[in-house]
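Q: After the C-alpha cells below, expect a handful of questions from me.
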Amino acid sequence: MGMIFTIVGIAIATVLAGIGSAKGVGAAAQAAMGVLSEDSSMFGKMLVLTLLPGTQGLYGFIVAFLMLIGAGVLGGGDTVTWQQGLAYLGASLSVGIGGLVSGIAQGKAAVAGISMCAKDEKNFSKAMVSITLVEIYALLAFIVSLLTVISIPNITF
Amino acid sequence: MKAVRIIALKQDRKRLLEHLQDSALVHVKHTEVQDGFQRTDTSSQLRQFEKNAELMEKSLKILGNIAPEKKGFLSGFKGRREIDSDEIGKIALQSGRMIGICGKISKLDAQITDNTAEQARIRTLLAQLEPWKKLDIPLNTSDTASMAVLIGTLPKEYDDTSLAEVLAEKDPELVFETEVIYSSSNLTSVVVYTPKQQKDRAELLLRGIGFSRPLNPTSKTPLDKAKRLTQKSADLKEKNEELKNEIAKYAEYRDSIRDTQDYFELRAEKYRVIAELDQSEHIFVLNGYIPEEDCGKLETICQKIPSCVLEFEEADENAPVKLKNNKFAEPAESIVTMYSPPSHDDIDPTPVLAFFFYFFFGMMFSDAGYGLLLVIATAIGIKVFKPDKKMYNNLKLFQYCGISTIFWGLIFGSVFGDAPVVFYKLFTGNEITMKQLMPWMLDTQKDALFIMIMSIAFGLVHVLVGMGCKFYVCLKQKKYAEAFFDTGLWMMLLVGFAILAAGMAIGQILVYIGAGIAIACAVGLVLTQGREKKGIFGKLIGGVASLYDITSYVSDLLSYSRLLALGLTTGVMAQVFNMLSTLMGTSVIGILFMIVIFIAGHAITIGLNALGSYVHTMRLQYVEMFSKFYEGGGRPFEPFSLKSKNFKIKNTDD
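Keeping their order, the protein sequence lines are chains A and B. Every letter in the first sequence is one number past the one before it in the working numbering, and letter 137, counting from 1, is 137. Every letter in the second sequence is one number past the one before it in the working numbering, and letter 77, counting from 1, is 234.
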C-alpha cells in the first residue's frame, strides 16, 4: 500500500513540475523563434532565456529520483509503510504544484524578457535577472520537498 | 581619469589622429565649440563611408546565404587577424574595386529578388487558370455572327442539368446551351451559348445568380497559357540559379570585402572625431579623457609630432569610467559592465564581485570532473585561438570558475557525480562509497540541512560585504549619519541575529550576547530611522516602520538556499546518468552503451547546470549584493580606436 502511494507521489513530482516547465519553455521557445527568424545571431542569448523556465522540471525529477532511491523502488527491497507512503505523496505536492505554477509564470516572464532583449541586446542581463526572480518560489518548493523526502525514513509515525 | 587637451598645427592633423587611433588611449569628449574656433562639417564624407560599410555588410550577408562559409564550430573564439600598418594601404587601394564588386553582388541579388517575386505572381495566375484548364477556346472568345458566348464563373456547385434547370425556371423563354468546364463546392466555371439578340437578357439573368467574367482573359486557350506560364517560371528558376552561381563566384573576395568594411569603419570613426575638433586657421584642439596611468604613453606619442602640446587637468564628474583590476578580478569586469558601469560616486565592485562570483559558481556547479573539464577547455581555447581581450577575459572567467568548481566538487564528494563508485562496483563487484574515497566530504543528500545553513551563512557574509561597501562609500562622501545609522546598525543587527542563531546550536551564552546586540540595534534603528520626519510621533513611527525592512533581509538570505539546490541538482543528475550508463552490464555492447550514455548524459548535465549556475550566480550578485550599495549608470571609457571586426594593426612600437 505504502509503495503505491509513493509511486503516485513520484509521478506527481515529475509530471506536474514537468508540465510547468514544458509550458514555460514552450512559450519562451515560440517567442525566441520569432526573434531568431529576424536575427539569427541572437541564438545564444535566446537559448539562455528560453531555458530559464526549464529548471522546475528538473527539480521535480530530482525529488522523484530521491524518492525512488529512498523508498527502495529501484532496489525492490525495502518495505514502505502506508504512513510513509502517504508522507512521500505529501512531500511530492510541494515541488509538483509549486513547479507547475511557477514554471508557467516564469515562462510568461521569459516571453516578455525575450521581446525586451530583441529590442536591444543590452537588455539581456536585466531580462535574465528579472526572469530568475520567479525561480526562488520553485526553489523554495523544491527545498521543502527535498528536506521532507530525505527525512521521511527517520520519522516515526 | 584625467581630462586632456591636445593642441597641434593643422598640418599635423592627419598624422596625429592616426597615432591616436592606433594607440587607443583617448576618449574624445563632446564639447560645444569655443569662441574663435570652427568645426569642420564631415557629415557628407561620414555618410559616404557608412554607406560603403553598409554595402559591404549587405554583400557579405548575401554571400553568406548563397555560398555559406565553412566555419569551424569554435571559430567565434578566434581573435582578430593581425596585420602590418603597410597592409592598410593595400586595403585602401583595393577599396574602390571592392565597392564595384559589392555593387555587382547587390545588383545581382536584386535581380534574384525580382525574379522570385515574378515567380510568385505566376503561381497566382496559374491558380486562377486552374478551373479553366479543360476549356478548349481562349478565355476572351468573343461572339460569333449569330451566337453570344458568355464565359465566367458562378459561386456555387452546378452541373449542366442543374444549371439549365435554374436558368429555365427564372426565364422560361430564354434559349441557351451550357457547358460546365469545372465544378467544385464553391466554384463553377461555365460557358453559356445564347442567340445574339438574347445576350443582354441572358447576361442579366446570369449576373443574378452571381456570374462573373474571368480575370485576365487572354487570346490563348487556358491550357496553352498555363504551359507558357509554367515554362516561364522554370526559366526564371534557371535564371536565378545562374545568378546565384555568378554571385558565388565572388565568394573568393569575402576576406577582402571584410577588410574593406573594416577600413571604411575606421575612416568613419576618424571623421567622427574630426567633426569634434575645434579648429582655427592654423591649429586644432582635441578635448578628451585619458586614464591617469596612460598619460606618459600619450606624451611619448605626442613627442613624435613637434608642434603638439598637451594640457592635463583633473577630470570633471562626467568623465567616463575605465575599470582597472588585477588579473584575478579583471575577467569579472564584464559582469559589472553588463549590469552598468560604476557612476562617479560608486566604488568599483569588481574585486568583491569576482571573488563571490567564482565562489558561488563553484558551489552550484560543484563537481570536480566538470570543473577540470572547464579549466582544460578554457586553457585550450586561450592557447589555440589567441582570442581578443574580451573573449580572453570571458574564457579566464570560466577558468577561475572551473577551479572553484573543482574545489567544491571535492568538498561535496562529486567527480562526474558518483562515477568512481559506480564503475568500481561495476567492474569489481565490490561496494565502496564516496565517503570512503573522500572521508572529508559533505554529502549533499544526507547533510542537506547543514549545507543549507552553510549556504545562508555564506549569503549573510555576501550581504554584509555589500553593506560594508555602502558603509565605506558613505564614509568617503562624509555622510556619517547614513553610514552609521542606516547601514552600520543594520549590519550589527544581522550580526546579532547570526550570533543568536549560532548560540542556539553552540551555547546559551551566545544566545544572550546575540539577542543583546540585536535588541540594542533595533532600539537604535527605531530612534534614528525617522530622523527626516517632522514631530516626535512622526520620528517614532518612521523608526518603528523601518524595522519592517527585516523582511527584505530575510528573503535575501533565503535566496541563498539556491546554492544548495543547484549544487544538489548537478550531483543528482550526474548520478542518474551514471546509473543509466551501467544498465547494460560489462559485455562489449554494454560498454559501448555505457560510453555513449556517459558522454551524452554528462554533456547534458554540464550544459544545463553550467547555464543554471551562471545565471543564478549573476542574480545573487545583481539582486542580493548590488542592491545594497551599487548605483551604476556611469559611462564606459570608449577610446578613439580601431573599431575593426576583422583585423587589428600590429603594434610596431613594442
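Glycine is no exception: its CB is placed at the ideal position from the N, C-alpha and C atoms.
Here's the rule: buried if 16 or more other CB atoms are within 10 angstroms of the residue's CB, otherwise exposed. What is residue 392 of chain B?
A: exposed
Q: Residues of chain B with a CB under 9 Å from the CB of residue 97 of chain A: which are they?
A: Correct list: empty, because the minimum Cβ distance to chain B is about 17 Å.
Q: Of the choices A/20, A/55, A/69, A/24, whose alpha-carbon is the least far from that of residue 603 of chain B?
A: A/69
Q: Which residues, in order along the region 597–612 of chain B, keep a beta-carbon less than 8 Å from a beta-carbon of chain A?
A: 602, 603, 605, 606, 609
Q: How many whole angstroms separate the CB atoms of residue 57 of chain A and residue 21 of chain A, which I take to be in contact at a CB cut-off of 8 Å?
A: Cβ-Cβ separation between residue 57 of chain A and residue 21 of chain A: approximately 3 Å, consistent with a contact (criterion under 8 Å).
Q: Could you check whether residue 85 of chain A and residue 14 of chain A sit closer than 8 Å to each other, using their CB atoms as the reference points?
A: no
Q: Throw me the rounded Cβ distance for the residue 728 of chain B and residue 523 of chain B pair, which I believe falls under 8 Å.
A: Their Cβ separation, rounded to whole angstroms, is 7 Å, which keeps residue 728 of chain B and residue 523 of chain B in contact under 8 Å.
Q: At least one CB of chain B closer than 8 Å to the CB of residue 128 of chain A: is that the case?
A: yes
Q: Helix, strand or coil for residue 182 of chain B per DSSP?
A: The three-state secondary structure of residue 182 of chain B, taken from DSSP, is coil.
Q: Given this structure, state the Cα-to-Cα distance separating residue 809 of chain B from residue 24 of chain A, to the nearest angstrom.
A: Low local confidence applies: a pLDDT of 49 at residue 809 of chain B is under 50, so the model's placement there is unreliable, and no value is given.
Q: Quick check on the burial criterion: 16 or more other C-beta atoms within 10 angstroms. Buried or exposed for residue 499 of chain B?
A: buried
Q: If you scan the region 445–529 of chain B from start to end, which runs of the alpha helix (DSSP H) of 4 or more residues do you find wholly inside it?
A: 452–460, 490–496, 507–522
Q: Scan the region 20–33 of chain A for residues whose Cβ lies nearer than 9 Å to a Cβ of chain B and list them as they occur along the chain.
A: none
Q: Can you tell me the Cα-Cα spacing of residue 154 of chain A and residue 703 of chain B, whole angstroms?
A: 42 Å
Q: Residue 809 of chain B CB to nearest chain A CB: under 8 Å?
A: Model confidence at residue 809 of chain B stands at a pLDDT of 49, short of 50, so the residue's coordinates are unreliable and nothing is read from them.
Q: Looking at residue 721 of chain B: is its Cβ nearer than 8 Å to the Cβ of residue 595 of chain B?
A: no
Q: With 8 Å as the threshold, decide whether the Cβ of residue 725 of chain B is near any Cβ in chain A.
A: yes
Q: Taking the straight line between their C-alpha atoms, what separation do you get for residue 440 of chain B and residue 627 of chain B?
A: Their backbone Cα atoms lie some 47 Å apart in a straight line.
Q: Under 8 Å, Cβ to Cβ, is there at least one residue of chain B near residue 43 of chain A?
A: no
Q: Ignore the nearest five residues each way along the sequence and tell me which others in residue 774 of chain B's own chain have a CB closer than 6 Å to its CB.
A: The residues are 514, 517, 518.
Q: DSSP on residue 332 of chain B, reduced to helix/strand/coil?
A: coil
Q: Decide if residue 165 of chain B is buried, meaning its Cβ has at least 16 other Cβ atoms within 10 Å, or exposed.
A: With a threshold of 16 other beta carbon atoms within 10 Å, residue 165 of chain B meets it and is buried.
Q: Alpha carbon to alpha carbon, what distance is there between residue 697 of chain B and residue 670 of chain B?
A: 26 Å
Q: Give the residues from the region 127–147 of chain A that approach chain B closer than 8 Å (Cβ to any Cβ), ordered along the chain.
A: 128, 129, 132, 133, 135, 136, 139, 140, 142, 143, 146, 147
Q: If we ignore side chains and look at the alpha-carbon of each, how far apart do residue 92 of chain A and residue 149 of chain A end up?
A: 8 Å
Q: On the premise that residue 128 of chain A lies in contact with residue 48 of chain A, defined as a C-beta separation below 8 Å, what is that separation, rounded to the nearest angstrom?
A: 7 Å
Q: Just list the alpha helix (DSSP H) runs in the region 212–291 of chain B, keeping only unbroken ones of 4 residues or longer that don't cross its boundaries, in chain order.
A: 242–286
Q: Determine, for residue 125 of chain A, whether the minimum Cβ-Cβ distance to residues of chain B falls below 8 Å.
A: Yes - at least one Cβ of chain B is within 8 Å of the one on residue 125 of chain A.
Q: Check whether the Cβ of residue 51 of chain A lies closer than 8 Å to any Cβ atom in chain B.
A: Chain B has a Cβ within less than 8 Å of the Cβ of residue 51 of chain A.
Q: Going straight from the alpha carbon of residue 486 of chain B to that of residue 779 of chain B, what length do you get?
A: 17 Å
Q: Go ahead and label residue 503 of chain B buried or exposed: buried means 16 or more other beta carbons lie within 10 angstroms of its beta carbon, across all protein chains shown.
A: Its Cβ being crowded by 16 or more others within 10 Å, residue 503 of chain B is buried.
Q: Give a yes or no on contact between the region 466–479 of chain B and the region 729–746 of chain B, applying the rule of three or more CB pairs nearer than 8 Å.
A: no
Q: At a CB-CB cut-off below 8 Å, which residues of chain B make contact with residue 62 of chain A?
A: 725, 726, 729, 730
Q: Should residue 776 of chain B be labelled buried (16 or more other beta-carbon atoms within 10 Å of its own) or exposed?
A: buried
Q: Are residue 305 of chain B and residue 356 of chain B touching if we call contact CB-CB under 8 Å?
A: yes
Q: Under three-state DSSP, which class holds residue 164 of chain B?
A: Three-state result, residue 164 of chain B: strand.
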